[in-house]
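Residue numbers (numbering that gives the first Met the number 0), protein chains in the order written: chain A, 0 to 145; chain B, 0 to 374; chain C, 0 to 131.
For each residue, glycine too, the CB sits at the ideal point set by N, CA and C.
Here is the structure we will look at, set down as structure tokens.
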Amino acid sequence: MKILLALDDTARAVDEALRLASEKGASLTALFVLDTGWSVYIGSDFLLGSTARSKFLEYTRDDELSQEQASLAAFRRQAEAAGVAFDIKTASGGRIAKEIIMEAAQGYDLLVMAAPFRRGLEVMRDAPSAILKAATCDVLFVRGGE
Amino acid sequence: MEERKGMAHILAIIPGLAVMIGTLYLLRTFVEPWMKEAVVFGQKGWLVQVLSLNYILLSIIAGIIYRNVFFGGKIPDWAEAGFRTTRLFIKSGVIMLGSLYTLQKLAKVGSIAILLISSFVFGTVFFVLWYGKRVGMDRSMIGVMGASCGVCGVSAAVATSPGVNAKPSEVALAIATILGFGIMTMFISPFIGKALALSDYQFGAWVGTGILNSGQVLATCLAFNPTFAPGTAVAYGEIWNVVRVISIPFVVFIITTWACKAEAAESCSTAGAQMKLSKVFMDRFPIFVLGFFGMTAMSSLGWLGAEGSNTLHLLRDVMSWIFGIGLVGQGAYIDIRELKRAGGKPLRVGLVAGTLKYVVALVVIMLFVSKDASF
Amino acid sequence: MSEKAKGKMTVFKTDRHEDAAAMVFVSLVVAAVLVYMAYVVPTVTIKPNQDGKVVAIKVQQDQEIKKGDLIYTFEYKDKKFVNGELQEKLATKDVLASTNGKVLTVGVKEGDMLKKGKTSIIVMDHEKGTLP
């Protein structure tokens with residue numbers, strides 16, 4: 000059995016994925032998707048001057064990169080503590096849900112993720128409902144208070 | 000999407016651009032003339048006269064429909080590069096708007112605009128600083144909301160965020176709030192303006208002062224009166240807009256300095272600590288405004304033909320096409336589903352500050368700005 | 000890795016480039032319009048920019064006119080806000096030639112009604128190199 004864990008900024012689903020993986024003896028892959036959608040998100044604004052836009056895009060990129068490191072490091076720590084073998088994958092794209100769906104179609108049996116899913120601009124979107132519609136494997140949403 | 004180089008880069012623009020131009024062509028040759036004739040509720044041209052559905056609003060609506068209905072919420076890869084040229088078109092349109100003025104006219108209205116705008120900008124900024132603290136927003140987000148409600152909406156939010164170390168996910172909420180509010184005011188302002196019988200001068204001044212996101216000021220003025228000529232709503236509104244845009248670097252500087260003064264300067268980036276006004280100005284000044292003044296200088300010197308001449312007429316016609324093309328693209332950047340998810344404290348602060356500014360501006364304009372056009 | 004997350008703008012690197020491009024684009028557009036009007040356009044049709052009624056027409060076919068010559072006078076409803084009240088009164092306005100040239104046809108006569116941007120008042124052949 001192959002389990003895919005979609006990492007988000009809250010790390011709410013990590014425990015559940017680790018528990019499932021060790022219970023079923025499944026292989027676990029953690030996926031972190033980096034959001035590159037900011038350029039489109041602020042794309043309509045034409046009043047920005049000089050380098051303000053590129054500075055902001057760099058700022059969001061740096062934020063995304065540090066989030067990536069933090070999420071992956073936290074996951075690694077927890078997985079090693081739980082003694083579960085794991086694999087890490089990263090991807091990037093303007094739509095996080097799309098990247099997750101694409102990865103989940105690569106022969107996984109179960110996708111585990113937090114709902115609501117907090118990753119980059121997903122605050123403004125609804126990854127869980129998009130994934131629920133399009134995912135080809137089983138999906139487990141880990142609910143949690145906001 | 001992989002990075003393209005050179006010619007391929009430019010060729011990638013064509014499909015999206017073709018969609019924008021084609022849409023505007025259809026709207027202007029078929030849809031708008033039909034709407035002018037169509038009888039709705041027993042009145043000829045009701046759609047245009049009462050709802051202000053002229054080609055300006057129609058192009059934005061067409062863009063919104065593309066993005067939200069046909070494209071299913073995401074600009075597809077084949078059109079993306081083309082739609083990104085929307086900013087180039089709007090900027091070009093704004094530069095060409097400079098030809099509506101002469102330097103004397105600009106000086107005459109400009110001083111009133113500066114007075115009104117600076118009092119509203121600082122009024123709003125201080126209100127947000129106070130209200131944001133009451134609601135319990137953190138300091139960096141108060142800074143972002145203050146800048147965006149005070150000056151130019153999204154542009155100010157984006158220009159301020161890195162300096163005050165605001166969390167991008169919160170900034171996303173703030174942007175959705177401001178954009179959503181701007182779009183709402185864009186559709187209701189022409190209606191209110193006509194109901195209250197505001198003159199073009201009053202309408203331009205009101206919209207220029209009261210609308211949260213400057214990106215929508217021009218479209219709103221054009222929705223009220225789609226003519227490009229001296230003395231129309233867009234001619235007045237644009238002066239207000241230019242003053243606002245120029246003030247962005249100053250407001251960003253003041254807000255960043257304020258945020259940096261926080262206890263232990265927690266919400267302050269290391270670069271912000273020894274920030275200089277000149278540096279902020281260089282990084283944030285919108286250069287295209289210089290082009291606007293260049294056009295004004297050319298028209299003051301009479302290089303563009305006399306007022307009422309066929310040359311100016313053609314120039315303004317070209318201008319209206321450039322704006323229309325850009326506005327289709329602007330609409331395509333509006334994702335209704337994203338806007339609906341705006342929430343949290345940014346939404347609360349944005350709505351309160353935005354509504355207050357919008358209403359107070361209307362009252363001030365109706366009381367103190369006469370209907371008589373000033374040029 | 001560091002490049003993968005960087006959002007792209009248009010073909011431009013920053014807004015500074017984009018602003019410069021917009022200015023170049025506008026210069027080209029303006030230059031094209033001016034050159035077209037000064038040298039290329041075959042004939043110029045003078046149309047009213049307001050609705051109104053022709054009171055007097057001072058040119059005839061084949062007449063050579065100079066810049067500043069009176070072409071026609073028309074009567075229109077002048078709508079103006081005076082002390083906050085919309086006032087309408089009849090006013091007349093002279094329309095002068097903006098360039099030298101030769102009148103090819105005259106399309107209206109005294110007493111004709113004018114439709115803004117529609118009625119053709121005169122068609123003229125303007126002196127090349129001037130802006131009609």
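Against S43 (chain A), chain C offers no close residue; the least beta-carbon distance is about 13 Å (beta-carbon pairs closer than 9 Å). Excluding the 5 residues flanking it on each side, T123 (chain B) has same chain C-beta neighbours closer than 7 Å at C148, G149, A352 and K356, in chain order. Contact between Q62 (chain C) and V102 (chain C) holds, with the beta-carbon distance rounding to 5 Å and staying under 8 Å.
Looking at the DSSP output, M112 (chain C) sits in a beta bridge with C:K52.
In the DSSP assignment, the residues bridged to Y71 (chain C) are C:I56 and C:V94.
With distances taken between CA atoms, G209 (chain B) lies nearest to B:S188 out of B:P75, B:A228, B:S188 and B:R86. Between the alpha carbons of E79 (chain B) and G119 (chain A) lies a distance of about 20 Å.
Under DSSP, the beta-bridge partners assigned to A90 (chain A) are A:V32. With contacts defined as CB atoms closer than 8 Å, L303 (chain B) and L314 (chain B) qualify as a contacting pair.
Each residue's CA atom was taken as its position, placing V170 (chain B) and D137 (chain A) some 34 Å apart. Out of A:V122, A:E98 and A:A12, the CA that lies nearest to the CA of A133 (chain A) is found in A:E98.
For L33 (chain A), no Cβ of chain B is located within less than 8 Å of the residue's own Cβ.
Leaving aside the five residues that flank Y75 (chain C) on each side, the residues in its chain whose CB is nearer than 7 Å to its CB run, in chain order, Q49, D50, G51, A90 and K92. Counting only residues of its own chain and dropping the five nearest sequence neighbours on each side, I113 (chain B) has a CB closer than 8 Å to the CB of V242. Secondary-structure assignment with DSSP links V122 (chain C) through a beta bridge to C:T44 and C:T104. Of the residues B:D76, B:A228, B:C151 and B:I253, the one whose Cα lies closest to the Cα of V244 (chain B) is B:C151. The C-beta of M123 (chain A) comes closer than 8 Å to at least one C-beta of chain B.
Contact with chain C is found for N309 (chain B), since one of that chain's Cβ atoms lies less than 8 Å from the residue's Cβ.
The beta carbon of I89 (chain B) sits closer than 6 Å to the beta carbons of G325 from its chain, once the five residues preceding and following it are set aside; these are given in chain order. The contact set of V39 (chain A) on chain B, defined by CB atoms closer than 8 Å, consists of I74, E79 and Y332 in chain order.
When the five nearest sequence neighbours on each side are left out, the beta carbons in the same chain lying within less than 6 Å of the beta carbon of A90 (chain A) are those of V32 and E98, in order along the chain. When beta bridges are read from the DSSP output, A5 (chain A) appears opposite A:L30. Here DSSP, grouped into helix, strand and coil, assigns V279 (chain B) to helix. Taking one beta carbon from each stretch, the segment 109 to 127 of chain A and the segment 43 to 54 of chain A have fewer than 3 pairs nearer than 8 Å; the two do not touch. Residues of chain C whose Cβ lies closer than 9 Å to the Cβ of A51 (chain A) are, in chain order, T13 and D14.
The three-state reading of DSSP puts M112 (chain A) in strand, counting E and B together. Cβ neighbours of G342 (chain B) within its own chain (closer than 6 Å, five residues either side excluded): none.
The shortest CA-to-CA distance from K57 (chain C) to any of C:V32, C:I121, C:N99 and C:M112 is the one to C:I121. Counting the other CB atoms within 10 Å of its CB gives T135 (chain A) a total below 16, which places it among the exposed residues.
Of the candidates C:F73, C:E87 and C:T72, the residue whose Cα lies closest to the Cα of K79 (chain C) is C:E87. K66 (chain C) is a Cβ neighbour of S97 (chain C), given a cutoff of 8 Å.
Looking at the DSSP output, Q42 (chain B) shares a beta bridge with B:V39.
Contacts between L131 (chain A) and chain B, judged by CB atoms closer than 9 Å, are missing: the closest CB pair is about 15 Å apart.
Chain C places a beta carbon closer than 8 Å to that of V317 (chain B), counting this residue as a contact. Taking the beta carbon of L120 (chain A) as reference, the chain B residues within 9 Å of it are P167, S168, A171 and E337, listed in sequence order. The segment 14 to 33 of chain C makes contact with the segment 278 to 287 of chain B: 3 or more CB pairs, one atom from each, lie closer than 8 Å.
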